[in-house]
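The sequence shown maps to residues 804 to 943 in our numbering. Taking it in order: structure first as structure tokens, then the write-up.
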Amino acid sequence: MLTIDRAIIDAIVAHARRDHPDEACGVVAGAIGSDVPRRHIPMDNAARSMTFYEFDSMEHLRVWREMDDLDEEPVVIYHSHTATEAYPSRTDISFAGEPNAHYLLVSTREPDSEEIRSFRIVDGVVTEEEVNIVDATVKA
Numbered sequence: 804m805l806t807i808d809r810a811i812i813d814a815i816v817a818h819a820r821r822d823h824p825d826e827a828c829g830v831v832a833g834a835i836g837s838d839v840p841r842r843h844i845p846m847d848n849a850a851r852s853m854t855f856y857e858f859d860s861m862e863h864l865r866v867w868r869e870m871d872d873l874d875e876e877p878v879v880i881y882h883s884h885t886a887t888e889a890y891p892s893r894t895d896i897s898f899a900g901e902p903n904a905h906y907l908l909v910s911t912r913e914p915d916s917e918e919i920r921s922f923r924i925v926d927g928v929v930t931e932e933e934v935n936i937v938d939a940t941v942k943a
């Protein structure tokens with residue numbers, strides 16, 4: 804199960820809406836081994852495509868080095884689908900290189916709503932998982 808702060812989900816959806824009709828992409832970093840997404844890092848889709856995303860190679864290197872310096876890892880890797888459901892494509896599956904990451908997809912095909920789903924992708928096997936959105940800014 805992916806548990807994620809509503810503010811981060813809102814930022815991801817806003818990024819997806821802003822980049823529409825191109826796919827948006829990015830990472831949510833968290834402390835190594837924590838499985839807790841804490842820091843949203845929107846990235847540029849170097850492909851500038853409605854059907855494909857690709858991290859810019861220099862930005863990718865910079866972000867991964869920054870996470871390494873902060874003892875973080877990519878807890879969530881996200882991107883949007885602009886005309887299809889929020890399910891990994893064959894290309895998404897073949898490029899999934901972080902076996903411990905949650906792969907979050909946001910479909911922006913409907914103008915007034917979005918579909919948000921999360922998957923684990925390991926060795927080409929896709930497993931959907933529940934998304935638990937919490938309001939971490941509210942203290943109990």
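All C-beta atoms in this analysis are idealised placements derived from N, C-alpha and C, irrespective of residue type, glycine included. Bear in mind that the values here come from a model prediction, so they are computed numbers and not experimental data.
Open item on the list: Tell me which residue opens and which closes the beta strand (DSSP E) that Asp847 is part of.
Closed with: Residue 847 sits at position 44 when you count from the first residue of the sequence shown. Careful: Asp847 lies outside any beta strand (DSSP E) and carries neither H nor E.
Check your understanding: Name the DSSP bridge partner or partners of Asn935?
Key -> Against the sequence shown, residue 935 aligns to sequence position 132. Paired residue(s): Thr806.
inquiry  = Mapping the DSSP letters down to three states, classify Val791 as helix, strand or coil.
reply    = For the chain, the structure presents residues 804 to 943; residue 791 sits outside this window and is missing.
| task | Would you tell me roughly how many angstroms separate the C-alpha atoms of Ala904 and Pro891, rounded to the nearest one? | result | Residue 904 sits at position 101 when you count from the first residue of the sequence shown. Residue 891 sits at position 88 when you count from the first residue of the sequence shown. Approximately 14 Å, taken between the alpha carbons.
Name, in chain order, the residues that DSSP records as bridge partners for Tyr890.
Here residue 890 refers to the residue found at position 87 of the sequence shown. Partner(s): none; Tyr890 has no beta bridge.
Handout entry: Cut-off 7 Å between Cβ atoms - residues of its own chain near Tyr856, not counting five sequence neighbours on either side
Key = As a working mapping, residue 856 is identified with position 53 in the sequence shown. The residues are Glu826, Cys828, Asn848, Ala850 and His882.
Exercise. Determine the closest residue to Asn935 out of Leu907, Gly927, Asp926 and Thr911, with distance taken between C-alpha atoms.
Key: To locate residue 935, count along the sequence shown from 1; it is residue 132. The shortest C-alpha separation from Asn935 is found at Leu907.
- Burial state of Leu873, where buried means 16 or more other Cβ atoms lie within 10 Å: Locating residue 873 in the sequence shown gives position 70, counting from the first residue. Under this definition Leu873 is an exposed residue.
Neighbourhood of Pro840 by C-beta, 7 Å cutoff - its chain only, sequence neighbours within 5 removed | Translated into the one-based positions of the sequence shown, residue 840 becomes position 37. For Pro840, same chain residues with a beta-carbon under 7 Å away, outside a window of 5 residues either side, are Ile807, Ile811, Val831, Gly833, Val878 and Val879 in chain order.
Segment contact flag, the segment 861-872 with the segment 916-924, C-beta cutoff 8 Å, min 3 pairs:
The answer is no - the segment 916-924 does not touch the segment 861-872, with fewer than three Cβ pairs under 8 Å.
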